[in-house]
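K.L.:
Sending over a structure as structure tokens; questions will come in a sec.
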Amino acid sequence: MPNLYIISGCNGAGKTTASYTVLPEMLDCKEFVNADEIAKGLSPFQPETVSFHAGRIMLERIDELLGQNVDFAIETTLTTLSYQKTIEFAKSKGYKVTLLFFWLNNVKLAIERVKIRVSEGGHNIPEEIIIRRYKKGIINLVNVFVNLCDYWIIIDNSSKPYNLIAEGNKNSETSIYNKEILEQIKNTTK
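The sequence shown begins at 50 in the working numbering and counts up one residue at a time.
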């Protein structure tokens, strides 16, 4: 059974950084489809100018990988429902869909992490977009994606070492490791 891994969380949550360790070393997943990385390949000094084109290339690559029935991962903030159909299609093809959500305890930390990334040569995201995506991604996680995926795990990546918050599966079996933070996440959706 092929695997689709969804690496998710707000901007600055550490998705890409974690992916380069978790995917090849822990999950033996060699395909990582990331629009930001594609954009950097197209225009290293101004990746934001080719983000639309990079997104199209990313979608084409996802279709190719689904057609090959191979393991792969995608990265997303979950701020839109655009991956909902991709997940449903993958599941119809026999994929096991696993979602990893990297949570930060507040939007100010997300903004600060993006500033650090920019100072190190990474891509920028305007503050107003970070703020909007922070809450919307959590809302979609709780209301849509947890119920859609075969397995999910929420990780607090606010500080090192990271901490597991909760994990569950499509059979409604949930293990809660930090009830207080899980409640904080759920309250974000209200």
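Yeah, the Cβ is synthetic: ideal placement off N, Cα and C, and Gly gets one too.
Since the model is a prediction, treat every value here as computed from it, not as a measurement.
Kindly confirm or deny that the region 188-199 and the region 94-107 touch, where touching means at least three C-beta pairs closer than 8 Å.
P.N.:
Flag = no, the region 188-199 and the region 94-107 do not touch.
K.L.:
Is the beta carbon of Tyr144 closer than 9 Å to that of Leu72?
P.N.:
Their beta carbons are not under 9 Å apart, which means Leu72 does not touch Tyr144 by this criterion.
K.L.:
At which residue ranges does the region 79-140 contain complete alpha helix (DSSP H) runs of 4 or more residues, listed in the order of the chain?
P.N.:
Taking only runs of at least 4 residues, the alpha helix (DSSP H) segments lying wholly in the region 79-140 are 84-91 and 100-117.
K.L.:
Is Asp112 buried or exposed, if buried means 16 or more other CB atoms sit within 10 Å of its CB?
P.N.:
Flag for Asp112 reads exposed.
K.L.:
Count the other CB atoms, across all protein chains shown, that sit within 10 Å of the CB of Arg105; report buried if there are 16 or more and exposed otherwise.
P.N.:
So Arg105 ends up on the exposed side.
K.L.:
Since I believe Ser57 is in contact with Leu127 (beta carbons under 8 Å), could you give me their beta-carbon distance rounded to a whole number of angstroms?
P.N.:
Contact holds; Cβ gap of about 5 Å.
K.L.:
Under 9 Å between the Cβ atoms of Ala62 and Asn212?
P.N.:
For Ala62 and Asn212, no; Cβs fall outside 9 Å.
K.L.:
Is the CB-CB distance between Ile180 and Ile55 below 9 Å?
P.N.:
It is not a contact, given that the beta carbons lie outside the stated cut-off.
K.L.:
Pair every Cβ in the region 214-230 with every Cβ in the region 193-204, then say whether three or more of these pairs are closer than 8 Å.
P.N.:
At 8 Å Cβ cutoff, the stretches touch.
K.L.:
How would you call Phe194, buried or exposed, if buried means at least 16 neighbouring beta carbons within 10 angstroms?
P.N.:
Classification for Phe194: buried.
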